[in-house]
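Visitor: In my numbering, the protein residues as written are 32 to 1303. In this text, a Cβ means the ideal position worked out from N, Cα and C, and glycines have one as well. Nothing here was measured: the structure is a model prediction, and the numbers come from that model. I'd like to ask some things about the structure below.
Okay, here's the thing in structure tokens:
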């Protein structure tokens, strides 16, 4: 045996021994990287060199083509994703070997041989924790890259993070380079084919550096795909793609020592090739990293000269313009000029955001040092200059930058953003002072600007960077990581009360967050888009088969659906067209109707030839001559065509685009009060027929298909009704609520308060929790009251009135929409929609009412101007204060168990019983159903209108004695103020109105000539909310002023905005909101008609008459219940007292049965208790009602239980006494205790303890009986 053979055998034995040892320790155990020092570096290098020789020995047994395919399979196996360096070392060693070194004595043509090869490779090249120190995103084509007109599935997780953004930067820089574009298209196609050809792999739980042999099934499929790609690559390379993407055997130098690996890996040069050319055949390598390899091969930015910058600037500006509104992005290039000179620096773009403006400067790393002091240089250049402008070098126009107030910005207020225009993935460290301007690498800038909701968010991000630059330990943290923390933290890095010298961010935070965003985005999109993907975002839609989309600028909308394999879009564009609100809404409704009409009939239409196209786009253009009108002429001939002037715009491969003029008058006329889906059927037939005609296809006489025609008789899915508001407000509400950022900041304020109190983190419950909460409540009150008092009084009051009215109008419209939808089919859950709308409305209005009443209380003196951001902060603090009030009241009144939990940073979370959220959801959905009148009988409601059941003359006389005005006239004045424009008080609809008391009296006299001027003045004085009374409670003789607006009470709050909605300003002038005034009218009329005053006013005469109304209603409730039971059984009695009726029987005294019903067919007894309860409006009221119904000694339930027991004991005798028939068939008797009320209250849905009593609202009793009888 030769010495060389002996050495080889020795090395093999060593390798076998190492492999055995590795298997014993489990494949997933990794040897650690030894500590590096000057003494052991040589030892490490020597060991590594030995391992490389071992690897060469292993590789030389096989054929190069087999090796690279085997490495590719191992590289593609998802559990091996965190071991990229080991694979790159193997690729490098393979490419450094000459062709003569491969003996090819073993073919890797079976799984067993592949597994043996893999084990040997894994055993030789071990995990390097310095280089393989993280686990990339385990993805399999969830993210796409749009290139030219196609979507390509790509691998996101790999050596380079956020690869789609690096690709976008690459396009901006290199789009003029045809060779670079061809190269990147090749690798996009390869990754797309790999992903589509192999089954998706699910993420697995692995450790850093994990490596394992892929499964046999995966090896079989992946090997076939990689070998087939070899042929495809050869064709592409021959078609003009760059040969430098591939290397050859012996084309690379062998790695000389261990430490070279780190340097080469860091620079991306360990193996910067897409594959290997072996005997003229091309084989892929590093399949997950193909895109970044191409990017790095073409690495390089732009040169800082005007000859080469314009194309890059143009593409950079196109990227921004596609994503933001036109007024936010102003294209350059610009230079700063004065009347006599110009600043020698070219800016690409001006970005506008409210009062912030940013000049964007493009640069590369070679010239970045010249830009370090750009802002300072610019200030020096303009020193002493009164005027300066931006000169657009493209059109030679000048631009002066102004803020929202029209004031010219000083150069000090102008921000400069410098973009390093390079797409290379090679890390760079720059010595750049960001105090002068903000520096972003182009891929980071793309990550950020592709994610922004609007440009104003960028201003907040810059503020976030400035605030946290000293706290974050930067190291390898980049702008994308900071933006991810900005988003994930709701713009507040430190959320609690504790302060930190440094905050550590995960270096992969940016890429992890970006992957999640992109994955969700691509998962939500339809298979095809109408046009450029960067424009479109998915909007809210209740349908599972329709997509509602809008462009980022909101200039275009689309309703889209899938018919077979064809994506059908109905697009409408508002650019350049001025619509009134009704037609703007109607064109979207029309597109929605067109898409829905077709998808609902897809079973009959899917085989039409037109749907062989992958993408059909119909641009719906409103026919200006046939817009919807509000006059009587709007109802046209219902048989006219919906579309006219239909044209084929373009046909490109598998996409066809059309322009259809839409007759909106026809649309409106057909959907108005629609009874069937005839119009929807007509739309589906007309769309398909017209597209078929324009494409030259046969429409298969779909208009004569009897089965399809039957769909025209179905209930309508689109219907328009009339709705006349009871108050005068504008059509569009601009509602403003705090963002999650504001709420989080408010929570931080509260955490600081808890910490200052000296309480320790932990869980506090019941009385202990109430004590802690009450202390924190006082601290937060101080902050809130101080904030409120700092604002100028009158502007804030006006703002609150406008917002309350906007919220009221918005909710009113949402409820009406749902009510009208009961006449047609919908895709959404009506009860859930209304309950969610009510929850938002009640929470938002509660904040604004608290803000209004508190600011009204404080005398004028504040100087702070209103800004949306500051007010949002104040409202968020108010929200948390109201949470504390609610929690304290809940615990105080024993409504629920609960408390507060403080984490280690003193961040509070208020909690109640575990099932509280489920109970609230159930209750709000029941209340929403009641609001919509679902399953109710309207005639069974106990709702009284004027002149019915109530002697209004007597009531008015009583009111006049107590208040110097009548109830009727007060309602009349409220009605007039609610319809102020209608009555001529203003020329426009407004969110708040203003008038002098004299003018109000004058118009009131005009509308109500018999109304005395003094009485009108008395009414107005009463309805004006008195600042001195908003913090007082009725019935307190001591006149105590409470520490806050007493929201813990309701009935004793006689001065609250909801019932006294006028605000006096500047003496003899008042302001009000029409919706709020109408709300007050409804409350006053509703409460009095229900037998209660809206507050505990000491009006003896009025109270006497109102009490009579209540007694009348109580009797009416019993009568109505009895009437309803008579519809279903003749065996019932009203007000039945058996002890008094049948004295000889000597029955126990259990009181009278309000209604007793018996249904012989099902042998069922129903004992009905009718109770008319005063509604609860606060926690104290809720406790009162709970005690009244459930927990008092003589509660309603205790009496019901007595009567129930009585009935079970004596039912047989009762049948005899009442001469009712005995049940047939031996059915066991069933006894039901039923509690009937006018309204549904919390405790009736969620009793404080288990009970067999059933609770039902009077107008739902008929439906309850139907359901009971349907079960027999």
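Of all the options 744, 1168 and 827, which has the alpha carbon lying nearest to the alpha carbon of residue 1023?
Guide: Per the Cα distances, 827.
Visitor: Near residue 804, which residues of its chain fall below 7 Å by C-beta distance, leaving aside the five closest residues on each side in sequence?
Guide: Contacts found: 915, 918, 919 and 931.
Visitor: Which ranges does the alpha helix (DSSP H) cover as unbroken runs of at least 4 residues, wholly within the stretch 815 to 871, from first to last along the chain?
Guide: List check, alpha helix (DSSP H) in window: 824 to 851.
Visitor: Which same chain residues end up closer than 7 Å to residue 507 when comparing Cβ atoms and leaving out the 5 residues on each side of it in sequence?
Guide: If we look at residue 507 and ignore the five residues flanking it on each side, its Cβ neighbours are 538.
Visitor: Going by DSSP, which residues form a beta bridge with residue 420?
Guide: For residue 420, which the question treats as bridged, DSSP gives the partners 368.
Visitor: May I have a chain-ordered list of the beta strand (DSSP E) segments no shorter than 3 residues that lie completely inside the stretch 570 to 606?
Guide: Counting only runs of 3 or more, we get 577 to 582, 587 to 594 and 597 to 604.
Visitor: Rounded to the nearest angstrom, what separates residue 965 and residue 956 at their Cα positions?
Guide: Their backbone Cα atoms lie some 11 Å apart in a straight line.
Visitor: So what does residue 1196 bridge to, in DSSP terms?
Guide: BP columns for residue 1196 point to 1189 and 1262.
Visitor: With burial defined as no fewer than 16 other Cβ atoms inside 10 Å of the residue's Cβ, what is the status of residue 1257: buried or exposed?
Guide: It counts as exposed.
Visitor: Taking C-alpha atoms, which residue in 163, 529, 243 and 110 lies nearest to residue 935?
Guide: Nearest option by C-alpha distance: 529.
Visitor: Apart from the five residues on each side of it in sequence, which residues of its chain come closer than 7 Å, Cβ to Cβ, to residue 782?
Guide: Contacts found: 527, 528, 936, 937, 938 and 939.
Visitor: I'd like to check one pair, residue 502 with residue 540: are the Cβ atoms closer than 8 Å?
Guide: Result no, Cβ atoms of residue 540 and residue 502 do not sit closer than 8 Å.
Visitor: Buried or exposed: which applies to residue 452, given that a residue is buried once 16 or more other Cβ atoms fall within 10 Å of its Cβ?
Guide: Per the 10 Å Cβ criterion, buried.
Visitor: Report all residues from its chain with a CB closer than 6 Å to the CB of residue 1266; omit the five preceding and five following residues, and keep chain order.
Guide: Hits under 6 Å: 1200, 1284 and 1286.
Visitor: Is it buried or exposed for residue 82, if we count other Cβ within 10 angstroms and need 16 for buried?
Guide: Counting Cβ neighbours within 10 Å, residue 82 comes out buried, since at least 16 surround it.
Visitor: Using only the alpha-carbon positions, how far apart do residue 336 and residue 344 sit?
Guide: Residue placement at residue 336 is poorly supported in this model, since its pLDDT is 47, which falls under 50; the coordinates still yield a value, given next. Distance between the alpha carbons of residue 336 and residue 344: 12 Å.
Visitor: On the CB-based measure, 16 or more other CB atoms within 10 Å of its CB, does residue 1125 come out buried or exposed?
Guide: Answer is buried; the Cβ neighbour count reaches 16.
Visitor: Give the DSSP-derived three-state secondary structure of residue 1294 in the structure shown.
Guide: In the structure shown, residue 1294 sits in a helix (DSSP, three-state: H, G or I).
Visitor: Spatial neighbours of residue 495 within its chain, please: CB distance less than 8 Å, with the 5 preceding and 5 following residues excluded, ordered by chain position.
Guide: Cβ within range, chain order: 513, 517, 522 and 524.
Visitor: In this structure, how does DSSP classify residue 110 when only helix, strand and coil are distinguished?
Guide: Helix.
Visitor: Is residue 56 buried or exposed, if buried means 16 or more other CB atoms sit within 10 Å of its CB?
Guide: Reliability of the predicted coordinates at residue 56 is poor, the pLDDT of 39 falling under 50, and no value is obtained from them.
Visitor: Can you tell me whether residue 169 is buried or exposed? The criterion is at least 16 other CB atoms within 10 Å of its CB, across all chains shown.
Guide: Result: buried.
Visitor: Output needed for residue 766: all residues of its chain with C-beta closer than 8 Å, excluding positions within five of it in sequence on either side, in chain order.
Guide: Hits under 8 Å: 834, 837, 838, 841 and 875.
Visitor: Measuring alpha carbon to alpha carbon, tell me which residue in 657, 681 and 682 is nearest residue 671.
Guide: Of 657, 681 and 682, the residue nearest in Cα terms is 657.
Visitor: Determine the burial state of residue 801: buried for a count of at least 16 other Cβ atoms within 10 Å of its Cβ, exposed for fewer.
Guide: Per the 10 Å Cβ criterion, buried.
Visitor: Need the endpoints of the beta strand (DSSP E) that residue 1113 sits in, please.
Guide: Looking at the DSSP string, residue 1113 is not in any beta strand (DSSP E); the run it does join, the alpha helix (DSSP H), is 1105 to 1120.
Visitor: Among the residues of its own chain, which have a CB less than 6 Å from the CB of residue 196, if the five just before and after it don't count?
Guide: The answer, listed in chain order, is 474, 477 and 478.
Visitor: Decide if the stretch 752 to 769 is in contact with the stretch 716 to 727; the criterion is three or more beta carbon pairs, one per stretch, under 8 Å apart.
Guide: Too few Cβ pairs lie closer than 8 Å, so no.
Visitor: Can you tell me where the beta strand (DSSP E) with residue 383 in it begins and where it stops?
Guide: Run containing residue 383: 378 to 384, per the beta strand (DSSP E) assignment.
Visitor: Between residue 991 and residue 997, is the Cβ-Cβ spacing less than 8 Å?
Guide: Going by C-beta atoms, residue 991 is nearer than 8 Å to residue 997.
Visitor: Within its chain, find whatever has a CB closer than 8 Å to the CB of residue 1242; leave out the 5 residues flanking it on each side and keep chain order.
Guide: Only 1196, 1260 and 1262 meet the Cβ criterion.
Visitor: Of the residues 138, 113, 103 and 107, which one's Cα is nearest the Cα of residue 89?
Guide: The residue with the shortest Cα to Cα distance from residue 89 is 138.
Visitor: DSSP three-state call for residue 213: helix, strand or coil?
Guide: Helix, per DSSP.
Visitor: For the stretch 172 to 183 against the stretch 219 to 234, do three or more pairs of beta-carbon atoms, one drawn from each stretch, fall closer than 8 Å, so that the two count as touching?
Guide: Touching, yes.
Visitor: Hey, could you find the ends of the beta strand (DSSP E) residue 1164 is sitting in?
Guide: It spans 1163 to 1167 - the beta strand (DSSP E) in which residue 1164 sits, taken as one unbroken run.
Visitor: Could you tell me which uninterrupted beta strand (DSSP E) segments, each at least 3 residues in length, are contained entirely in the stretch 755 to 796, listed from first to last along the chain?
Guide: Those beta strand (DSSP E) runs which fall completely within the stretch 755 to 796 and span 3+ residues are 793 to 796.
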